[in-house]
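Peer 1: Just so you know, this note's numbering puts 228 at position 193 of the sequence shown, and the rest follows in order with no gaps.
Could you have a look at this structure, given as structure tokens, before my questions?
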Amino acid sequence: MFGVSNEEVEEAEEERDDAVIGAAVRYSLIAITVIAIVVASPIAYFKLTRQKTEVAEVKPVDLPEVRFENAPELPAIPWADITETSGIEFVHINGASGEKLLPETMGGGSAFFDYNGDGFPDILFVASKRWDHDPKPSTDTNDSVTAPSSLRLYKNDGTGKFTDVTSDVGLDVVMYGQGCAVGDFDNDGKPDIFVSGVSETTAGTGPNRLFRNLGESFVDVTQEAGLSGGPGDWSTSCGWFDYDNDGDLDLWVCNYVQWSREFDLAQNFRLTGGQRAYGRPQAFGGMFPRLYRNDGGLKFTDVSEEAGIRVIAPTTGTPLAKSLGIVFHDFDQDGYMDVMVANDTVQNNLFRNMGNGTFREMATLAGVAFDSDGNARGAMGIDVACARQDNRCACVAIGNFSNEMTAFYVSSPGGMVFTDQAVANGLGPSTRLFLTFGVFFFDADLDGWDDIFHANGHLEEDIAKAQSSQTYAQSPQLFWNAGPESATEFVALPIESTGKDLAAPMVGRGATYADIDGDGDLDVLITASGAQPRLLRNDQQLGNQWIRVRLVGNGTTCNRDAIGSRVEVKLKSGRILSKFVNPTRSYLSQVELPLTFGLGNEALESIKVIWPNRSEQIVDAAEVNRLLEVRQLP
36 MFGVSNEEVE EAEEERDDAV IGAAVRYSLI AITVIAIVVA SPIAYFKLTR
86 QKTEVAEVKP VDLPEVRFEN APELPAIPWA DITETSGIEF VHINGASGEK
136 LLPETMGGGS AFFDYNGDGF PDILFVASKR WDHDPKPSTD TNDSVTAPSS
186 LRLYKNDGTG KFTDVTSDVG LDVVMYGQGC AVGDFDNDGK PDIFVSGVSE
236 TTAGTGPNRL FRNLGESFVD VTQEAGLSGG PGDWSTSCGW FDYDNDGDLD
286 LWVCNYVQWS REFDLAQNFR LTGGQRAYGR PQAFGGMFPR LYRNDGGLKF
336 TDVSEEAGIR VIAPTTGTPL AKSLGIVFHD FDQDGYMDVM VANDTVQNNL
386 FRNMGNGTFR EMATLAGVAF DSDGNARGAM GIDVACARQD NRCACVAIGN
436 FSNEMTAFYV SSPGGMVFTD QAVANGLGPS TRLFLTFGVF FFDADLDGWD
486 DIFHANGHLE EDIAKAQSSQ TYAQSPQLFW NAGPESATEF VALPIESTGK
536 DLAAPMVGRG ATYADIDGDG DLDVLITASG AQPRLLRNDQ QLGNQWIRVR
586 LVGNGTTCNR DAIGSRVEVK LKSGRILSKF VNPTRSYLSQ VELPLTFGLG
636 NEALESIKVI WPNRSEQIVD AAEVNRLLEV RQLP
């Protein structure tokens with residue numbers, strides 16, 4: 036299948052079997068207990084509801100207590116909401132006016148990036164606008180003319196205080212925005228901005244915009260570059276990466292569904308009680324993603340078809356993808372960045388980069404297309420990290436719809452065969468009730484083990500009327516990585532560990548991180564649908580050491596942003612921490628470019644950089660608790 040030989044299939048199946056056995060042995064105690072509870076409950080319920088005769092009262096059953104050996108002490112990682120005190124006044128606009136149009140549920144993304152080269156991470160927000168058909172008068176606060184622009188850029192002074200410079204830099208534009216991708220596509224040392232959006236009509240040009248950074252301001256070069264997309268596109272997550280290793284950044288743009296207001300309104304979407312509801316993606320057709328090759332000179336070519344990324348649904352003969360999240364990673368460690376895409380209600384995609392300008396879709400063969408029962412899930416945000424003791428293993432977290440739990444796929448070492456270990460490692464059960472959009476790995480306490488952050492929130496304001504277990508606003512979640520010695524790998528930290536500012540419910544969407552105040556730990560930004568975002572300062576005081584690494588490519592054999600490079604930090608204990616430079620992750624968003632390595636209380640031995648052209652560079656790593664800039668040798 037998918038152009039894979041029989042030998043590859045047999046080898047992959049054997050490798051997957053070995054991986055499953057290994058995971059089962061490691062987590063047998065917790066897995067058996069949890070599965071027994073999950074399976075027994077619906078079976079018992081089914082049998083009882085099938086009885087036609089009167090059933091006696093069922094006595095409570097004492098379930099076995101799950102005990103863990105080496106139960107870890109939870110760290111204190113308090114967070115402070117500094118949104119207002121930092122100077123951020125942005126409020127997301129989604130255009131909702133009562134018609135319940137599907138794009139209104141999606142929220143917007145954000146990005147941390149250093150737009151002016153002063154060394155401090157600035158913030159870009161993406162909002163939507165009032166619909167063109169909205170009959171509200173122009174004095175309405177949601178009006179696309181009188182309200183703030185769809186984009187908002189905030190300049191960081193280096194201490195975590197921000198100033199709105201949107202108009203000063205020429206980004207005060209109005210569009211129905213969704214996501215953003217920041218990258219230096221022309222290798223001039225200044226990061227440029229791509230913004231994805233929703234087409235309100237199927238006429239004219241597409242909805243997307245490219246802004247070139249001139250140093251003091253940005254200029255719209257969308258039409259010159261050919262990156263507007265097609266009429267009718269609904270573009271979501273997007274990202275810059277060098278898929279052909281020619282030294283400049285190419286662009287991948289995800290598209291969601293075939294949507295129009297007329298079709299949306301024609302569907303009879305209803306909540307319990309009769310009121311109109313937001314539509315289900317199953318009612319809309321899929322759309323192909325777009326891959327744009329950077330040809331230099333501000334010219335891009337759409338190579339989607341020849342690159343082999345247009346996947347057809349076998350049952351309908353139409354585009355398969357309904358894409359909301361994307362991440363780049365060299366899963367097979369062959370020097371070329373592969374692509375994993377999170378799709379909503381259809382199978383996920385894994386595109387293996389063949390190194391010749393083409394990709395091979397192999398999600399089903401790799402074990403990441405569906406859940407363990409063979410069902411597609413409502414996937415939104417996605418991230419990948421080397422979060423295990425063996426840094427050759429890739430761990431992929433995908434946020435899913437409520438009652439579906441987050442996926443946690445773990446690859447074989449250096450391979451592309453995965454097993455979903457979300458139930459066994461403790462992540463899955465704690466995420467089942469939540470509807471998760473933004474998700475990312477980061478080392479919140481700097482102990483050397485990547486933790487996981489979730490931004491949660493439902494689509495329907497009245498969802499509690501239809502489902503008592505659900506709420507519209509939901510608490511974000513921080514899952515602490517307890518390390519390999521713990522029976523439960525990821526532990527949901529309680530409010531006693533994180534503080535009330537992180538736990539406060541919100542309608543979360545995009546999520547990202549950066550060190551906004553230069554203290555070495557990572558701060559978090561969460562966007563909200565139709566509301567103000569939340570900027571959370573990390574106030575942990577655990578005393579763990581750290582090193583931050585910022586790479587600069589030479590612009591010829593490697594792009595200036597060094598996207599696709601890998602950094603390996605070797606500790607005195609022999610453990611190697613590995614991270615890729617890849618700011619595209621989470622949902623509609625991207626993180627800062629510098630890589631943060633938590634060291635715990637261990638000492639550094641060496642740092643190695645593997646550039647995209649496979650050249651290696653050893654760096655002096657004597658000092659810790661600092662930002663280290665590494666420039667690629669000519």
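Each residue gets a CB set at the ideal place from its N, CA and C atoms; glycine is no exception.
Which runs of the alpha helix (DSSP H) spanning at least 4 residues fall entirely within the segment 216-296, listed in chain order?
Peer 2: 257-260
Peer 1: Which residues in the same chain as VAL587 place their Cβ atom closer than 6 Å to its Cβ, once the five residues preceding and following it in sequence are excluded?
Peer 2: Excluding sequence neighbours, VAL587 sits near ARG666.
Peer 1: Taking just the CA atoms, how far does GLY390 sit from GLY558?
Peer 2: In the sequence as displayed, the identity of residue 558 is Asp instead of Gly. So the alpha carbons of these two residues sit roughly 36 Å apart.
Peer 1: My output table needs one value for GLN456: the three-state DSSP class, helix, strand or coil.
Peer 2: coil
Peer 1: On the CB-based measure, 16 or more other CB atoms within 10 Å of its CB, does ARG661 come out buried or exposed?
Peer 2: Per the 10 Å Cβ criterion, exposed.
Peer 1: When DSSP labels each residue in this structure, what does ILE498 get in the three-state scheme?
Peer 2: helix
Peer 1: Is there contact between the segment 602-619 and the segment 635-645, where contact requires at least three CB pairs shorter than 8 Å?
Peer 2: yes
Peer 1: Of the choices SER521, GLY416, GLN512 and ASN384, whose alpha-carbon is the least far from that of ALA401?
Peer 2: The candidate whose alpha carbon is nearest that of ALA401 is ASN384.
Peer 1: Where does PHE155 fall in DSSP's three states?
Peer 2: PHE155: coil per DSSP, three-state reduction.
Peer 1: Three or more C-beta pairs under 8 Å: does that hold for the segment 549-563 against the segment 441-459?
Peer 2: no
Peer 1: Assign PRO170 to one of two classes, buried (16 or more other C-beta atoms within 10 Å of its C-beta) or exposed (fewer than that).
Peer 2: exposed
Peer 1: Please name the residue, chosen from GLY413, VAL403, ASP365 and ARG311, that lies closest to CYS421 on a Cα-to-Cα basis.
Peer 2: When each option's Cα is compared against that of CYS421, the closest is ASP365.
Peer 1: Is the beta carbon of LEU306 closer than 9 Å to that of ILE561?
Peer 2: no
Peer 1: With the cut-off set at 9 Å, would you say LEU537 and SER504 are in Cβ contact?
Peer 2: Going by C-beta atoms, LEU537 is not nearer than 9 Å to SER504.
Peer 1: By how many angstroms is the C-alpha of ARG165 removed from the C-alpha of SER295?
Peer 2: Distance between the alpha carbons of SER295 and ARG165: 16 Å.
Peer 1: Within 10 angstroms of its Cβ, does PRO669 collect 16 or more other Cβ (buried), or is it exposed?
Peer 2: exposed
Peer 1: How is the alpha helix (DSSP H) around LYS334 delimited, first residue to last?
Peer 2: Note, LYS334: premise wrong, no alpha helix (DSSP H); not H, not E.
Peer 1: Suppose you measure from the CA of PHE160 to the CA of CYS215; what does that come to, to the nearest Å?
Peer 2: 9 Å
Peer 1: How many Å lie between ASP223 and GLU627 at the Cα?
Peer 2: 18 Å
Peer 1: Considering only C-alpha positions, which residue in the set GLY144, ALA111, THR240 and LEU262 is nearest to VAL126?
Peer 2: GLY144
Peer 1: Among the candidates GLY518, ALA115, THR140 and GLY261, whose CA atom is the shortest distance from the CA of TYR291?
Peer 2: THR140
Peer 1: Please state the DSSP three-state secondary structure of GLU316.
Peer 2: It should be pointed out that residue 316 corresponds to Pro in this sequence rather than to Glu. It is helical.
Peer 1: Does the distance from the C-beta atom of THR619 to that of PHE276 stay below 9 Å?
Peer 2: yes
Peer 1: Give the C-beta separation of VAL616 and SER641 to the nearest angstrom, bearing in mind that I take them to be a contact with Cβ-Cβ under 8 Å.
Peer 2: Their Cβ separation, rounded to whole angstroms, is 18 Å, which puts VAL616 and SER641 out of contact at 8 Å.
Peer 1: Does DSSP put ASP116 in a helix, in a strand, or in coil?
Peer 2: The answer is strand: DSSP assigns ASP116 an E or B state.
Peer 1: Just to confirm the assignment, what range does the beta strand (DSSP E) spanning ASP536 have?
Peer 2: From DSSP, ASP536 is part of no beta strand (DSSP E) but of the alpha helix (DSSP H) over 535-538.
Peer 1: Taking a contact to mean a Cβ-Cβ separation below 9 Å, would you say ASP478 touches LEU577 in this structure?
Peer 2: Contact flag unset, no.
Peer 1: Buried or exposed: which applies to ARG328, given that a residue is buried once 16 or more other Cβ atoms fall within 10 Å of its Cβ?
Peer 2: buried
Peer 1: Can you list, in chain order, the residues of its chain whose CB lies under 8 Å from that of ASP157, leaving out five sequence neighbours each side?
Peer 2: Cβ within range, chain order: PHE147, PHE148, ASP149, TYR150, ASN151, LEU188, TYR189, LYS190, ASN191 and PHE197.
Peer 1: Are HIS489 and TYR507 touching if we call contact CB-CB under 9 Å?
Peer 2: no
Peer 1: Taking LEU400 as part of the alpha helix (DSSP H), name the residues at either end of that continuous run.
Peer 2: Its alpha helix (DSSP H) spans residues 398-401.
Peer 1: Counting Cβ pairs, one atom from each stretch, are 3 or more of them under 8 Å apart for the segment 646-657 and the segment 234-244?
Peer 2: Contact fails: fewer than three Cβ-Cβ distances are below 8 Å.
Peer 1: Let me confirm a value: ILE598 is counted as buried when at least 16 other C-beta atoms fall within 10 Å, else exposed. Which label applies?
Peer 2: buried
Peer 1: If you count every other CB in all the chains shown that lies within 10 Å of the CB of GLY133, and 16 or more means buried, which is it?
Peer 2: The residue in question, GLY133, is exposed, as its Cβ has fewer than 16 Cβ neighbours within 10 Å.
Peer 1: Can you look up PHE514 in the DSSP assignment and give me helix, strand or coil?
Peer 2: Here PHE514 sits in strand by DSSP.
Peer 1: Quick check: the Cα distance between LEU286 and GLY265, rounded to an integer number of angstroms?
Peer 2: 15 Å
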